[in-house]
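Colleague:
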Amino acid sequence: MKKSILSLLVLIMVTATYSQDEAKPLFQVKGFCIGAPSPDQLDRFVTFIHEELAPRGVNTLLLLVDYNYEYQSYPQLRTPDALSEAQVKKIVEACRDNKIRIIPQINLLGHQSWSNNLNPLLTHFPEFDE
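Mapping of the sequence shown onto mature numbering (1 follows the signal peptide of the UniProt record, and there is no 0): residues -23 to -1, 1 to 107, in sequence order.
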């Protein structure tokens, strides 16, 4: 009888201990994909990170950069309203503050044109056209 009661108490203690563990989130990555903002929308975008993405638990931001950055090595590939390094650092800081990982996306060689439109890479380096 004592063994049965002792076994029951041990079982209750073990069950109670494991029931206190926090449930793991259903998804380890909760991502959001969006185009990089234009410079005049930067402050609004940073506010969006703080007030919309972070409270919803987003932990990964796939940022579609493409040609919207002031590239130093090939400036001819920039769009006219590209983000500066300082502006990108504001986005990085907002994401870091909210523990959001940034994955910058740029177009690969196979995605440099669409229909009759050429992106800057093929405009300046037509030898890459497939």
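Beta carbons: idealized from backbone N, C-alpha and C, even for Gly.
(1) Looking only at its own chain, which residues have a Cβ that is under 7 Å from the Cβ of A13, when we skip the five neighbours before and after it?
(2) Quick one: Cα of T37 to Cα of E62, how far?
(3) Given this structure, state the Cα-to-Cα distance separating I68 from E47, to the nearest angstrom.
(4) Suppose contacts are defined by Cβ-Cβ distances below 8 Å. Is I77 in contact with L30 by that definition?
(5) Whose C-alpha, out of T24, R55, V6, is nearest the C-alpha of G34?
(6) With DSSP run on the structure shown, which of helix, strand or coil describes F25?
(7) Identify every residue that forms a DSSP beta bridge with Y46.
(8) Can you tell me which residues form a DSSP beta bridge with P81?
Modeller: Considering the structure as presented:
(1) Closer than 7 Å at Cβ, skipping near neighbours: L40, L41, V42, N45, L60.
(2) One C-alpha to the other measures close to 21 Å.
(3) Looking at the two C-alpha atoms, the distance is approximately 15 Å.
(4) Yes; because the gap between Cβ atoms is below 8 Å, this pair is in contact.
(5) Closest in C-alpha terms to G34, from the list T24, R55, V6, comes V6.
(6) Annotated three-state conformation of F25 is helix, per DSSP.
(7) In DSSP, Y46 forms a bridge with L60.
(8) Note: P81 sits in a beta bridge opposite L40.
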